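Just so we're aligned, residue 5 is where the sequence shown starts under the working numbering, counting upward by one. Built from N, CA and C at the ideal position, the CB exists for glycine as well. Computed from a predicted model, the values in this text were never measured in an experiment.
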Amino acid sequence: MSVSAFAWRDRPVLVTGATGLVGGWLVRSLLNVEADVVCLVRDWVPQSELNRSQMVEKVKVVRGDVRDQRLLERALGEYEVDTVIHLAAQTIVPIANRNPVSTFDTNVAGTWALLEASRRTPTVKQIVIASSDKAYGEQTTLPYDEKMPLQGVHPYDVSKSAADLIAQSFASTFGLPVIVTRCGNFFGGGDLNWSRIVPGTIRSILRNSRPVIRSDGEYVRDYFYVEDGA
C-alpha cells in the first residue's frame, strides 16, 4: 500500500450521491484503500454500481435526504466522519428545466445543509464539494479558468453556481476546510442516464437503432473518464 493510500486506511468518509455514476466508482476507490465508507442514500437503485457490484455490503448505509440537516449531523457524529465528499445532486439538465424548484432545493439547500452539519461536527477535517463547469455559465472567453465569475443562467447552471458560492462562503467565513471541484462531463461504466450522449449512443447501437443527433455539431464538450475522476 502506497503512502497516499495508507493515509486513507480506516479513515471515516461520508459519500453523498453514492448510487450515482461518480459515487459508485468513488466508493470502489475508497474501499480499495481500506477507508471506512459511509454512504448517504436517498433512493435505492438496484442497477447502480454500488449495488450491482455488491459494494453496498462493505459500507455503512444511511438512508435519507441530503437536505435533512439533523440526519446529517447524526450520521457525521455517530460515525465520527473525518472526510465528506458531496456528490448528491440533481444533474440532468432537461429535468432541471422542467422542475427548477426541486433542482434548486436538492442542489442548493442540500449543499448548505451538509456544510452546516459539517461545521457543527468537530470530527470533520475536510470537505469536497462537487460543482460543475456549468457553474461558469456563458463566458465570452474560453477556456474557463478559476478566476472567472460564476454566472449560471439556466436552472441547473444556477444551482451549481449558487452551491459553489455557498461552499466558498462557508470556507471564507467559518474557516471550513472546503475544496470545490468543477468537472465537465463524465463517462464510463455504470452510467444509467440514457439521455447522455455516450450511454445513449452505445444503447442505440446495441439495439440496432440509429444514434440520436443532439446538436448541429458546433458545440464542443470535454469528457472525463469516471474512474479517473473518482
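Item                                                                                                                                                                                 : Value
DSSP three-state label for L169, please.                                                                                                                                             : helix
Locate the alpha helix (DSSP H) running through D232, then write down its first and last residues.                                                                                   : V230 to G233
Leaving out the 5 sequence neighbours to the left and right, which residues in its chain are closer than 8 Å to V26 when beta-carbon positions are compared?                         : L91, A134, F190, V230, G233 and A234
Where does T244 sit, in a helix, a strand or coil, going by DSSP?                                                                                                                    : The displayed coordinates of the chain run from 5 to 234. Any statement about residue 244 would go beyond what the structure contains.
Using only the alpha-carbon positions, how far apart do L54 and N197 sit?                                                                                                            : 15 Å
Three-state secondary structure (DSSP) at D220?                                                                                                                                      : coil
Relative to the C-alpha of E84, which residue among I206, V41, R32 and R218 is closest?                                                                                              : V41
Alpha carbon to alpha carbon, what distance is there between I217 and T1?                                                                                                            : Given that the chain is displayed from residue 5 to residue 234, the structure contains no residue 1 and the question cannot be resolved.
Could you spell out the range, first to last residue, of the alpha helix (DSSP H) harbouring T95?                                                                                    : No alpha helix (DSSP H) holds T95; DSSP gives it neither H nor E.
Nearest CA to the CA of R123: which residue from R214, L180 and Q172?                                                                                                                : L180
Under the three-state reduction of DSSP, which class applies to P215: helix, strand or coil?                                                                                         : coil
Give every residue of the same chain whose Cβ lies closer than 8 Å to the Cβ of L35, excluding the five residues on either side of it in the sequence, and list them in chain order. : V41, M59, K62 and V63
Rounded to a whole number of angstroms, what is the C-alpha to C-alpha distance between T213 and C43?                                                                                : According to the sequence shown, residue 213 is Ser rather than Thr. In a straight line, the C-alpha of S213 is about 37 Å away from that of C43.
Measuring CA to CA, which of T145, A175, R211 and G156 is closest to L119?                                                                                                           : A175
Alpha helix (DSSP H) containing Q73: first to last residue?                                                                                                                          : Q73 to E82
DSSP three-state call for V45: helix, strand or coil?                                                                                                                                : strand
For R46, count the other beta carbons within 10 Å of its own beta carbon; 16 or more makes it buried, fewer makes it exposed. Which is it?                                           : buried
Quick check on this structure: which residue in A39, A166 and W29 has the alpha carbon closest to the alpha carbon of F10?                                                           : A39
What residue range does the beta strand (DSSP E) around P16 cover?                                                                                                                   : P16 to T20
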